[in-house]
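**Student:** FYI, the numbering for the sequence shown is 1 to 418, going by UniProt numbering. Just so it is clear, CB atoms sit at the ideal spot from N, CA and C, and this is done for glycine as well. For clarity, every value in this text was computed on a predicted model and none was experimentally measured.
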Amino acid sequence: AAVRGYENATKVQEDPCDACNDAKPDHVAAECEHVLCKKCIQRAVENATVYGSIMCPVVADSSQQCSGRIMDDVYKKYVSPGALKHMENKKNWLPAECFLKTCPNQGKRGSLLVKRGTTYYVCPRCLVRNCWTCRAIHYNMTCEEYMVKLVADLDAGKLEDPREKEKRYQELVSIYQQDVVTTTNEFECSICFADVEPGKGIILKNCHHKVCEQCLADTAKNSEKAEVQCPCLENGQPCQMAVLDSDLRACLSKEGYEALQVRSLREAENRSKEPAFHCKTPDCRGWCFHDQNVELFECPLCNKNNCLRCEEIHEGMTCAQYQADLKRRADNDAAARASLNFLEEMLRTQQAMRCPQCRIVIIKRVGCDFMVCTACQTQLCWATKGARWGPGGVGDISGGCRCNVNGVKCHPTCTTCH
Numbered sequence: 001a002a003v004r005g006y007e008n009a010t011k012v013q014e015d016p017c018d019a020c021n022d023a024k025p026d027h028v029a030a031e032c033e034h035v036l037c038k039k040c041i042q043r044a045v046e047n048a049t050v051y052g053s054i055m056c057p058v059v060a061d062s063s064q065q066c067s068g069r070i071m072d073d074v075y076k077k078y079v080s081p082g083a084l085k086h087m088e089n090k091k092n093w094l095p096a097e098c099f100l101k102t103c104p105n106q107g108k109r110g111s112l113l114v115k116r117g118t119t120y121y122v123c124p125r126c127l128v129r130n131c132w133t134c135r136a137i138h139y140n141m142t143c144e145e146y147m148v149k150l151v152a153d154l155d156a157g158k159l160e161d162p163r164e165k166e167k168r169y170q171e172l173v174s175i176y177q178q179d180v181v182t183t184t185n186e187f188e189c190s191i192c193f194a195d196v197e198p199g200k201g202i203i204l205k206n207c208h209h210k211v212c213e214q215c216l217a218d219t220a221k222n223s224e225k226a227e228v229q230c231p232c233l234e235n236g237q238p239c240q241m242a243v244l245d246s247d248l249r250a251c252l253s254k255e256g257y258e259a260l261q262v263r264s265l266r267e268a269e270n271r272s273k274e275p276a277f278h279c280k281t282p283d284c285r286g287w288c289f290h291d292q293n294v295e296l297f298e299c300p301l302c303n304k305n306n307c308l309r310c311e312e313i314h315e316g317m318t319c320a321q322y323q324a325d326l327k328r329r330a331d332n333d334a335a336a337r338a339s340l341n342f343l344e345e346m347l348r349t350q351q352a353m354r355c356p357q358c359r360i361v362i363i364k365r366v367g368c369d370f371m372v373c374t375a376c377q378t379q380l381c382w383a384t385k386g387a388r389w390g391p392g393g394v395g396d397i398s399g400g401c402r403c404n405v406n407g408v409k410c411h412p413t414c415t416t417c418h
């Protein structure tokens, strides 16, 4: 009999790998008893979206992935240190999904990743804003307003009988499952007032307004916001419903649709109230929210490691080594010269400072005025752009910024450097 969770068990010796049906297996999974080869275990780790949770890669006949897990003490034997480090970087991210029923990411937990502490996110597939707090989509309402309305509707009996609701739901599902709902009768477009032939108009899924394809495409192209609003009127007032991604995809060219997606991501990044950072790889669309103490951003799109301290990519080098190399290359390398000019401009405008100990350039993104140099660990005061303490180290007020000595702040703009 096979011994679960052990290498070289009888089952391992007799059967091929259950995942690839080819290679000789090396392990029997403890939870599901599938036999797996080393390469399939390595691939499962590389494809994992959640830190520490490695699912068995075997896919059943019903196309459902096995629910068993590979224990961490097992997969660590088969993967490289680099793969383990890559997985370690995912521990601050959580698996998510889109809550829009027509979105390809709906119901697929793990199809999206969100940073811990995120309250909302925009799905990159349908561009709809999802509320992570209450796991719902609610336009023009806060979470509290949404819950109050939901409870009020329940108390007032506004929600239908469960059987009627299920019937209407199935009718809507049959409509929403279509990529786009086209008009079957001729109608007059309320935007351009032209007579639209059957099949040439679109019934917007969110609000059921009818509009011709050209007017909807023009609305999307001319929209000031990435979230395109329905161009029709409702009781004499502009409709407040957003146009769904599937409707936009039906009327826009491939280039126009991609441009709208890029604009949506850029808008989400620019409007964020949380600290955000955009990947420094040229033309890369990757960006992230980050906490004050995070110093490295591994871009999920280009897989480059961005240093958040000096806002550059310098893999294999410390900040000090990179900045020294930058100066050496600046005379003959236009890109290096541009990076050096960026750092000098940040210094000139007081948006960066040099560590008084090792002289590397440090950029503050968020937080209080107390900082620590990542290169030499010197404690710094951002307000005075110098050392926090005197030459004697922590507690030496003979030098440094002398903040709060005799109750006097070190600088009028100081926001706590102690």
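Under three-state DSSP, which class holds V173?
**Tutor:** Helix, per DSSP.
**Student:** Tell me which same chain residues have a C-beta within less than 7 Å of the C-beta of T374, skipping the five on either side of it?
**Tutor:** E295, R309, C319
**Student:** Have a look at the DSSP bridge pairing and note the partners of W389.
**Tutor:** Among the bridge pairs identified by DSSP, W389 is matched with G400.
**Student:** Going by other Cβ atoms of all chains shown within 10 Å of its Cβ, with 16 needed for buried, is L233 buried or exposed?
**Tutor:** Per the 10 Å Cβ criterion, exposed.
**Student:** Buried or exposed: C215, going by 16 or more other Cβ atoms within 10 Å of its Cβ?
**Tutor:** buried
**Student:** Starting from the C-beta of G5, find all residues in its chain whose C-beta is less than 6 Å away, skip the five residues before and the five after it, and write them out in chain order.
**Tutor:** The predicted model places G5 with a pLDDT of 49, which falls under 50 and marks its position as unreliable; any figure quoted below should be read in that light. Around G5: A30.
**Student:** From A60 to C20, what distance separates their C-alpha atoms?
**Tutor:** 12 Å
**Student:** Which same chain residues end up closer than 6 Å to V372 when comparing Cβ atoms and leaving out the 5 residues on each side of it in sequence?
**Tutor:** Q379
**Student:** Taking the C-alpha atoms as reference points, what is the distance between E97 and E166?
**Tutor:** Whole-angstrom Cα-Cα distance: 23 Å.
**Student:** For A136, I'd like the list of residues in its chain whose CB is within less than 7 Å of its CB, leaving aside the five on either flank, ordered along the chain.
**Tutor:** F99, Y146
**Student:** Starting from C215, follow the beta strand (DSSP E) in both directions and report where the run begins and ends.
**Tutor:** It is not in any beta strand (DSSP E) - C215 instead sits in the alpha helix (DSSP H) that spans 213-222.
**Student:** Within its chain, find whatever has a CB closer than 6 Å to the CB of P25; leave out the 5 residues flanking it on each side and keep chain order.
**Tutor:** Hits under 6 Å: V12, C17, V35, L36, C37.
**Student:** Roughly how many whole angstroms lie between the Cα atoms of T183 and Q350?
**Tutor:** 59 Å
**Student:** Suppose you measure from the CA of N222 to the CA of T142; what does that come to, to the nearest Å?
**Tutor:** Computed Cα separation, rounded: 28 Å.
**Student:** Do V58 and C66 have their beta-carbon atoms positioned less than 8 Å apart in this structure?
**Tutor:** Contact: yes.
**Student:** From K327 to L340, what distance separates their C-alpha atoms?
**Tutor:** Cα to Cα, the separation comes out at about 7 Å.
**Student:** Alpha carbon to alpha carbon, what distance is there between L347 and G256?
**Tutor:** 40 Å
**Student:** Could you tell me if M71 is buried or exposed, where buried requires 16 or more neighbouring beta carbons within 10 angstroms of its beta carbon?
**Tutor:** exposed
**Student:** Using only the alpha-carbon positions, how far apart do D396 and E227 sit?
**Tutor:** 55 Å
**Student:** Any contact between the region 78-94 and the region 110-121? By contact I mean 3 or more CB pairs, one from each, below 8 Å.
**Tutor:** yes
**Student:** At which residues does the beta strand (DSSP E) containing M317 begin and terminate?
**Tutor:** Premise fails: M317 is in no beta strand (DSSP E) and is neither H nor E.
**Student:** May I ask you to report which of helix, strand or coil DSSP gives D195?
**Tutor:** strand
**Student:** When you compare each of F289, K90, N303, A276 to P282 by their alpha carbons, which one comes out closest?
**Tutor:** The residue with the shortest Cα to Cα distance from P282 is N303.
**Student:** Taking only three categories from DSSP, how would you classify F187?
**Tutor:** strand
**Student:** Can you look up C131 in the DSSP assignment and give me helix, strand or coil?
**Tutor:** Strand.
**Student:** Could you spell out the range, first to last residue, of the alpha helix (DSSP H) harbouring K39?
**Tutor:** 38-47
**Student:** Taking K76 as the reference, which of I54, P412, T415, G399 has the closest Cα?
**Tutor:** If we check each option's Cα against that of K76, I54 comes out closest.
**Student:** Using the three-state DSSP reduction, which class does L244 fall into: helix, strand or coil?
**Tutor:** Note: L244 maps to coil in three-state DSSP.
**Student:** Looking at C-alpha atoms only, which residue of T102, N305, T415 is the closest neighbour of H86?
**Tutor:** When T102, N305, T415 are compared, the shortest CA-CA separation from H86 is found for N305.
**Student:** Is the distance from the Cβ of C212 to the Cβ of M241 below 8 Å?
**Tutor:** Against a cut-off of 8 Å, the Cβ pair of M241 and C212 comes out as no contact.
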